[in-house]
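Here's the structure we're looking at; comments come further down.
Below, the structure is given as C-alpha cells:
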C-alpha cells in the first residue's frame, strides 16, 4: 500500500458516532411517531438551509478525520512521520506552499518591507514578491487585476455548472420518487410549492458554491485569505479548524450522554438514597464554576503529559490525546444539566399509569427503564444535545485562548484567534486571519444554532405555534461555559 | 427563615467537603507530589534531594490522607489533605508558589474585579429585561422576528470577538479610553467603561432571548387576559403584571451569579490587564500554581452555594406565597 492508515482516538470516536447516527436514523425510519418530528424539521426552511451549511462543515470535518501516513519515496517499509488527512491531500497546494511571513489576501507581495539585494548589487527596502502567491505573473502590478478577475469568472462559471448539475440531480431524483414529470417537479420547486423547502435549500447551496468555487480556483495561484505570521495559508488554517470545533462539539456530548442518561434516570426512577447520592454528586460538581474546574483538570493533565513523554509517538498523537481529554473534561462538567432534566422527567414518568401497570405485572426494572422510560425521555436528550453543540464550539475557542483548551500546536479557532491578538497591535494591522476565523466560526455556530432551534421546535411537545412565529420561541439553556 | 438559612448552610457543608475532595484527588493523585516537584524545578534530571527539599518547603512531604507514623489525632491532621484543605474552610488559603499570601492577594484583587463585574451585571440586567420587554410587546410582528434573528446572530459570535473588536474600535481607532490597565479610585472609570460596555453587549443575544421567552410564557396565562379585560394598555400589562410575575424565573437564573461576580471574568480581565481575581486565576493556570487554582475553585464553590441560598431567600421577597420554614 502506498500509505498506512492511522486511526487517532478522536477519529475512531467520530466514526463510531457517525455509525451510531446512521443506526438511529435507520431505526427511526421504521417508526412513524419518530419520523413525524423529523418531517417537521424537514419542512422548516430555516432548519433545512442551516442543515445544508452544516452538511458542508461536517463533510470537511469528516475528510479531515481520515488520517494516514504516506510511504516515503524510494523506500518500501518506511512511512513519513507526519500524519496527513484526506483533506490535507486535497489542500496540498495550500499546505505545502508557505511564504516567509504575513501577506494580505490575494497579495503578490509580502506585507512588510524587507531589505533585499538587487541584481546590480545594491540593497533596497522593498516589498518582496511572494514565493507562491501570484508567482506566475511577470508584472504583478499590471496583470494582477485581470488575472484575478479572469480566475474569479472561471470560478463563478464552475459554480454555475456545479449548481445546475446539483439541481438537475435533485429534481430528477424527486421526480422519479413522486412519479411526476421532470418539468412539473421543477416548477413546483421553483414556485416553492414543495413540502420540503427545496427552493431555499438549492439557493443556499448555490450561495455556498458561488463563494467556494472562485476561492478554490483562485487558491491554485494565490493565498485567497492571506498568510499568517509564519507564512501558513489562512484558508487552510480555517478549514482545518473546522474539525477541531466539530470534534469538541460532538464528542463531548458522546462523553456526557451515558453519564447523564444513566444517573439521571436512576435518580428519578429509584429515588431514595440513590437519588440522594446522585443529587449530591451533581450539586457538588455544579457548585464549582465550570471554567475553573476545566482549568484545574487541564492543568493536572498538562503536568501528567509532560512527565510521561513516552505516551505518544507523534506530535499528532499528543495533540489528539489532548483534544480527547478536553472533550472528556468538558463532558464531565456538562452532564449535570441534562442529568437534572432527566431526573425530573423520570420522576414524572414513573407515576404514569402504564409504568405503574408494568410494575404491578412484575416487569423487571431494567426492562421498564429501557422499554418505557428511555424512549420517552429521548426528545429531551436530543434537544439538549443539539442545543449544546454551538455552545461547546464557542467554549473551545475561549478555553484555547485562556490556555487550557487544545494543544497550542493544534489548529483551532481558539489558537487562530489567540495568534491574531498580537497581530492587532501591528501597524498596519493584520486583519485577515481574525476576519476568517470570525466568518467561519459565525457560519458554523449560527447554522448550528438555527438547526438546533428547528429540531427543538419539532421535538419539544410543549412548543405551541404562536401567531406565525413557530420558530425561535422556547427558552434555551444557558451556555455550558460562562466566563 | 433564620432556621431555614442555618439548615441550608449546614447542607452546604458536605458539598464543600466534596468539592475539596475532588480537587484534592485531582491534584494529588493524578500527579504525585514528585511529579509536581520535577516540573516546578524544571529540569529533566533532578536529584532526589532537590525533590525532597522542594516537597519539604511546600509541605508536600507528608502522607496524603493517613499518617501511620504520627500519634493520636495527628494520624489524620498531620497529612497533606488536612494541612492544605481543612484550613480552607477557615478561608485561610495558604501561600502561592511565589511566596505571597493568597488570602491577602484575594482581598487586594477583589476590588478591581467588582468594579467591572457589578456595573456589567446591573446594566446588563436592565438592558436585557428592557429589550426583552420590547420584543414581548411587539410579539409576533416583524420587530419581534428581526429582534430574535439579531439575538441569534449575536449569540453566535464568540465573546472573544466582542472584546477584540471593541478594543480595536473604541480604544485604538477612536482613542476614547485606554486600551488596557487599571487605576485606583475615581480614575478607574476610564478603564472600567469599555470592559463593562463590551460585557453588556456580549451577553445581549442569549440573555434577551432567554428573558423574552420567560415573558412570553407569562403572557399566555389567565391573569394577563383578566388584566387586559379590565382595560389596561398592553404596556401597563407588561410592566405591571407580567414583569412582576416573571421575577421568579428571572431570579432563579440571576441571583445565583451575584456572589460569583466576586471572581470577575477571566477573559475580560486578562484582555484588559485588570489586576483582578480573574486575571489572577489565569496567571496561576499559566504558571501551574496549584495552591492558587485550588483556592479559587474552593472560593468559587463557596460563593455558588451562597448564591443558591440567596436565590431561595430572594423568592420570599418577590412572591409572598413562598414560605421557607
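Residue numbers (the numbering used here), protein chains in the order written: chain C, 4 to 486; chain X, 5 to 329. Ideal Cβ placement from N, Cα and C applies to all residues, glycine included.
Next on the checklist: Strictly below 9 Å CB to CB, what residues from chain X border residue 283/C?
Outcome noted: Per Cβ cutoff of 9 Å: 18, 19, 22.
Item to check | chain X contacts made by the region 419-431 of chain C, where a contact means CB separation under 9 Å | outcome: Considering only beta carbons, the part of the region 419-431 of chain C lying closer than 9 Å to chain X consists of 420, 421, 423, 424, 427, 428, in chain order.
Item to check | DSSP-derived helix/strand/coil call for residue 143/C | outcome: In this structure, residue 143/C counts as helix in the three-state DSSP scheme.
Checklist entry - Name the chain X residues whose beta carbon is nearer than 7 Å to that of residue 441/C? => result What residue 441/C touches in chain X: 165.
Next on the checklist: Relative to the C-alpha of residue 67/C, which candidate in 11/C, 46/C, 82/C, 107/C has its C-alpha closest?
Outcome noted: Of 11/C, 46/C, 82/C, 107/C, the residue nearest in Cα terms is 11/C.
Checklist entry - What are the residues of the region 222-243 of chain X that lie near chain C, defined by any Cβ-Cβ distance shorter than 9 Å? => result The region 222-243 of chain X vs chain C, Cβ under 9 Å: 224.
Next on the checklist: Can you tell me where the alpha helix (DSSP H) holding residue 6/C begins and where it ends?
Outcome noted: Residue 6/C: not part of any alpha helix (DSSP H); member of the beta strand (DSSP E) spanning 6-9, first to last residue.
Next on the checklist: From the DSSP secondary-structure annotation, give me the bridge partner or partners of residue 126/C.
Outcome noted: 120/C.
Checklist entry - Short check: CB of residue 132/X to CB of residue 184/X, under 8 Å? => result Against a cut-off of 8 Å, the Cβ pair of residue 184/X and residue 132/X comes out as no contact.
Item to check | Limits of the unbroken alpha helix (DSSP H) element including residue 60/C | outcome: Per DSSP, residue 60/C belongs to the alpha helix (DSSP H) from 48-66.
Checklist entry - Interface residues of chain X around residue 56/C at Cβ under 8 Å? => result In chain order: nothing, as chain X lies at least about 12 Å away.
Checklist entry - Taking DSSP as the reference, what is the three-state secondary structure of residue 73/C? => result Strand.
Checklist entry - Does DSSP put residue 341/C in a helix, in a strand, or in coil? => result For residue 341/C, the three-state secondary structure derived from DSSP is helix.
Checklist entry - With respect to the alpha helix (DSSP H) encompassing residue 271/X, which residues constitute its N-terminal and C-terminal limits? => result First-last of the alpha helix (DSSP H) with residue 271/X: 270-275.
Checklist entry - According to the Cβ coordinates, are residue 100/X and residue 295/X closer than 8 Å? => result When the beta-carbon positions are compared, residue 100/X and residue 295/X come within less than 8 Å of each other.
Checklist entry - For residue 87/C, which residues from the same chain have a beta carbon less than 8 Å from its beta carbon, with the 5 sequence-adjacent residues on both sides left out? => result Shown here for residue 87/C: same chain residues with a beta carbon closer than 8 Å to its own, the five before and five after excluded, namely 70, 71, 72, 73 in chain order.
Next on the checklist: Let me check understanding here. Comparing Cα to Cα, which of 322/X, 225/X, 240/X, 35/X lies closest to residue 68/X?
Outcome noted: Measuring from the Cα of residue 68/X, the nearest candidate turns out to be 35/X.
Item to check | chain X within 8 Å of residue 259/C, Cβ atoms only | outcome: At least 8 Å separates the CB of residue 259/C from every CB of chain X.
Item to check | Residues of the region 198-215 of chain C with Cβ closer than 7 Å to any Cβ of chain X, in chain order | outcome: Result list empty, no residue passes.
Item to check | Boundaries (first-last residue) of the alpha helix (DSSP H) holding residue 410/C | outcome: Where residue 410/C is concerned, there is no enclosing alpha helix (DSSP H), given that its DSSP letter is neither H nor E.
Checklist entry - How about residue 154/X: is its C-beta nearer than 8 Å to some C-beta of chain C? => result No, residue 154/X lies away from the interface with chain C (no Cβ there is under 8 Å from its Cβ).
Checklist entry - Are any of the Cβ atoms in chain C nearer than 8 Å to that of residue 309/X? => result Judged by the 8 Å Cβ criterion, residue 309/X is in contact with chain C.
Next on the checklist: I'd like the list of long-range same chain contacts for residue 9/C, defined as Cβ closer than 7 Å, with 5 residues on each side in sequence excluded.
Outcome noted: So the list reads 70, 71, 72, 86, once near-sequence residues are dropped.
Next on the checklist: For residue 111/C, list the residues DSSP reports as bridge partners.
Outcome noted: Looking at the DSSP assignment, residue 111/C forms no beta bridge with any residue, so it has no partner.
Checklist entry - Thinking C-alpha only, which one of 150/X, 256/X, 141/X, 115/X is nearest residue 189/X? => result Of the residues 150/X, 256/X, 141/X, 115/X, the one whose Cα lies closest to the Cα of residue 189/X is 115/X.
Checklist entry - Which same chain residues, not among the five before or five after residue 301/X, have their C-beta less than 8 Å away from its C-beta? => result Counting only Cβ-Cβ distances below 8 Å, and skipping sequence neighbours, we find 23, 27.
Checklist entry - Are the beta-carbon atoms of residue 180/C and residue 193/C separated by less than 8 Å? => result Result no, Cβ atoms of residue 180/C and residue 193/C do not sit closer than 8 Å.
Checklist entry - What residues in its chain sit with their C-beta under 8 Å from that of residue 155/C, if we drop five residues either side in the sequence? => result Result list for residue 155/C: 217, 220, 221, in chain order.
Next on the checklist: So for residue 230/C, helix, strand or coil by DSSP?
Outcome noted: Assigned with DSSP and collapsed to three states, residue 230/C falls in strand.
Item to check | Against chain X: residues of the region 86-105 of chain C by CB proximity under 7 Å | outcome: Under the 7 Å Cβ criterion, the region 86-105 of chain C contributes no residue.
Checklist entry - How big is the Cα-Cα spacing for residue 35/C and residue 374/C? => result Distance between the alpha carbons of residue 35/C and residue 374/C is about 17 Å.
Next on the checklist: Is residue 239/C close to chain X? Criterion is C-beta to C-beta, closer than 8 Å.
Outcome noted: No, residue 239/C does not count as interfacial toward chain X.
Item to check | Buried or exposed (CB count within 10 angstroms, at least 16 for buried), residue 190/C | outcome: An exposed status is given to residue 190/C, since fewer than 16 other beta-carbon atoms sit within 10 Å of its beta-carbon.
Item to check | Selected residue, minimal CA-CA separation from residue 233/C, among 384/C, 452/C, 101/C | outcome: Residue 101/C is the option with its Cα nearest to residue 233/C.
Checklist entry - What three-state label does DSSP hand residue 180/X in the structure shown? => result DSSP places residue 180/X in coil when its eight states are reduced to three.
Next on the checklist: Rounded to the nearest angstrom, what separates residue 274/X and residue 406/C at their Cα positions?
Outcome noted: Cα to Cα, residue 274/X sits roughly 12 Å from residue 406/C.
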